[in-house]
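Q: The sequence shown begins at 69 in my numbering and counts up one residue at a time.
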Amino acid sequence: MNGTPARDALDGAITAITAAGCETPRLDAEVLLAHVLGVGRERLLTDRELMVEGPAVRSYQDAVRRRAVEREPVAYIVGYRGFRRLEVGVDRRALVPRPETELLVELGLTLQTGARVLDLGTGSGAVALALKDERPDLEVTGSDVSEAALELAGANGRRLGLDVRWLHADLLTGVPDEFDAVLSNPPYIAESERSSLAPEILRHEPEGALFAGPDGLLAIRELLVQVSERRRVSVVALEVGAGQAPAVAELMGLAGLPNVRSELDLAGVERVVVGERGDRR
Numbered sequence: 069m070n071g072t073p074a075r076d077a078l079d080g081a082i083t084a085i086t087a088a089g090c091e092t093p094r095l096d097a098e099v100l101l102a103h104v105l106g107v108g109r110e111r112l113l114t115d116r117e118l119m120v121e122g123p124a125v126r127s128y129q130d131a132v133r134r135r136a137v138e139r140e141p142v143a144y145i146v147g148y149r150g151f152r153r154l155e156v157g158v159d160r161r162a163l164v165p166r167p168e169t170e171l172l173v174e175l176g177l178t179l180q181t182g183a184r185v186l187d188l189g190t191g192s193g194a195v196a197l198a199l200k201d202e203r204p205d206l207e208v209t210g211s212d213v214s215e216a217a218l219e220l221a222g223a224n225g226r227r228l229g230l231d232v233r234w235l236h237a238d239l240l241t242g243v244p245d246e247f248d249a250v251l252s253n254p255p256y257i258a259e260s261e262r263s264s265l266a267p268e269i270l271r272h273e274p275e276g277a278l279f280a281g282p283d284g285l286l287a288i289r290e291l292l293v294q295v296s297e298r299r300r301v302s303v304v305a306l307e308v309g310a311g312q313a314p315a316v317a318e319l320m321g322l323a324g325l326p327n328v329r330s331e332l333d334l335a336g337v338e339r340v341v342v343g344e345r346g347d348r349r
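(1) Just how far apart, CA to CA, sit Gly-71 and Leu-118?
(2) Between which two residues does the alpha helix (DSSP H) containing Val-316 stretch?
(3) Just how far apart, CA to CA, sit Arg-161 and Gly-191?
(4) Using a Cβ-Cβ cut-off of 7 Å (strictly less than) and excluding sequence neighbours within five positions of Leu-218, which residues of its own chain qualify?
(5) To the nearest angstrom, how far is the alpha carbon of Leu-306 from that of Gly-182?
(6) Thinking just about the alpha-carbon of each residue, which of Leu-100, Ala-258 and Ala-198 is nearest to the one in Ala-131?
(7) Determine the DSSP secondary structure at Thr-72, reduced to helix, strand or coil.
(8) According to the neighbour-count rule (16 or more other Cβ atoms, all chains shown, within 10 Å of its Cβ), is Ala-149 buried or exposed?
(9) Roughly how many angstroms lie between the CA atoms of Leu-357 and Arg-203, to the nearest whole one?
(10) My assumption, with CB atoms under 8 Å, is that Leu-197 sits in contact with Gly-225. Please give the rounded CB distance.
(11) If we require 4 or more residues per run, which alpha helix (DSSP H) segments fall completely within the stretch 124-211?
(12) Using the three-state DSSP reduction, which class does Asn-224 fall into: helix, strand or coil?
(13) Helix, strand or coil for Asp-79? Go by DSSP, reduced to three states.
(14) From Val-308 to Val-232, what does the alpha carbon distance come to, in whole angstroms?
(15) Can Val-107 and Ser-127 be called in contact, C-beta distance under 8 Å?
(16) Smallest Cα separation from Ser-214: which of Leu-278, Val-173 and Ser-260?
(17) Kindly indicate which three-state DSSP category Gly-276 falls into: helix, strand or coil?
(18) Can you tell me the Cβ-Cβ gap for Met-320 and Gly-343, rounded? I've got them flagged as a contact below 8 Å.
(19) For the alpha helix (DSSP H) containing Val-293, list its first residue and its last residue.
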């Protein structure tokens, strides 16, 4: 018999990925095999005749090695990640978009018609693109200090056919004062937490998008000082780490955003802090 039955290949991969200590070995093995074979995941379970043969054998072995041995994120191996209604291209130039970051999009959907929105620290462009996809009336810009990330975001925008402007900037320095709302998933991990991070994050995702000083609030402090000088910005929504919401809420108030609330993620963590000016238009 040429090749290996897909179910056998899948079982072997699950064993290897489990032994490596990955959290979702079956899901990882299925996503990788479906990608290598160019089929939907459901076919792996329903098609008993499906084989892994020819070049796919080596491709799958390599993908499993990258996941199990190198602990590379599945999204980087396959080159994409689902986010809202989109399939966003991802690689090591930017963070892998997380489900909790979709909260920023949900908040953006509540903005007034025609609002000008800045997705600050856009990375792969996931938030900016998803927002433009679901609210075409908004004028959306994505900014990042990393030119490499902006290249990735721009490629995603062109592939998806979504009209988002991209801007190279460090926080709000040099950014035109034309935005009504700022959404951001800034770096918020404290340096002291570095050793506790999963290998997937520490070995592969860009450090500049992760770490923000001793308490994880360095970038957020700097950003909110800049926001305090921009009266046009009436809404700021920031993704934060577990336990950071109270400190960020206080910083929001100092920045002239007195109406502050937190939004919970699916794990019940205060994940996004939203500040609004009293004079929101």
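Each residue gets a CB set at the ideal place from its N, CA and C atoms; glycine is no exception.
A: Quick answer:
(1) Your numbering for residue 71 matches position 3 in the sequence shown. Your numbering for residue 118 matches position 50 in the sequence shown. About 10 Å.
(2) Residue numbering aside, residue 316 sits at position 248 when the sequence shown is read from its first letter. For Val-316, the uninterrupted alpha helix (DSSP H) run begins and ends at 313-322, by DSSP.
(3) Working through the sequence shown from its first residue, we reach residue 161 at position 93. Working through the sequence shown from its first residue, we reach residue 191 at position 123. Roughly 8 Å separates the two Cα atoms.
(4) Mapped onto the sequence shown, residue 218 falls at position 150. Here the set comprises Asp-212, Trp-234 and His-236.
(5) Here residue 306 corresponds to residue number 238 of the sequence shown, with the count starting at 1. Here residue 182 corresponds to residue number 114 of the sequence shown, with the count starting at 1. Per the coordinates, the alpha-carbon of Leu-306 lies some 21 Å from the alpha-carbon of Gly-182.
(6) Numbered from its first residue, the sequence shown carries residue 131 at position 63. For the residues Leu-100, Ala-258 and Ala-198, the minimum Cα distance to Ala-131 belongs to Leu-100.
(7) Against the sequence shown, residue 72 aligns to sequence position 4. Strand, per DSSP.
(8) Here residue 149 refers to the residue found at position 81 of the sequence shown. Per the sequence shown, residue 149 should be read as Arg rather than Ala. Arg-149 should be labelled buried.
(9) Lying outside 69 to 349, the shown extent of the chain, residue 357 is not represented and no answer is given.
(10) Start at 1 with the first residue of the sequence shown, and residue 197 comes out as number 129. Start at 1 with the first residue of the sequence shown, and residue 225 comes out as number 157. Your pair Leu-197 and Gly-225 checks out as a contact, with CB atoms roughly 6 Å apart and the cut at 8 Å.
(11) Residue ranges of uninterrupted alpha helix (DSSP H) with 4 or more members, entirely inside the stretch 124-211 and ordered along the chain, are 142-146, 170-176 and 194-202.
(12) One-based indexing of the sequence shown puts residue 224 at position 156. Of the three classes helix, strand and coil, the one that applies to Asn-224 here is helix, per DSSP.
(13) Locating residue 79 in the sequence shown gives position 11, where the first residue counts as 1. Note: Asp-79 maps to helix in three-state DSSP.
(14) Position 240 of the sequence shown, counted from the start, is the residue given in the question as residue 308. Position 164 of the sequence shown, counted from the start, is the residue given in the question as residue 232. So the alpha carbons of these two residues sit roughly 25 Å apart.
(15) Reading the sequence shown from its first residue, position 39 is the one you call residue 107. Reading the sequence shown from its first residue, position 59 is the one you call residue 127. In this structure, Ser-127 does not lie closer than 8 Å to Val-107 by Cβ.
(16) Numbered from its first residue, the sequence shown carries residue 214 at position 146. Closest option to Ser-214, Cα to Cα, is Leu-278.
(17) Within the sequence shown, the letter at position 208 stands for residue 276. Gly-276: helix per DSSP, three-state reduction.
(18) Here residue 320 corresponds to residue number 252 of the sequence shown, with the count starting at 1. Here residue 343 corresponds to residue number 275 of the sequence shown, with the count starting at 1. Contact holds; Cβ gap of about 3 Å.
(19) Mapped onto the sequence shown, residue 293 falls at position 225. Run containing Val-293: 286-296, per the alpha helix (DSSP H) assignment.
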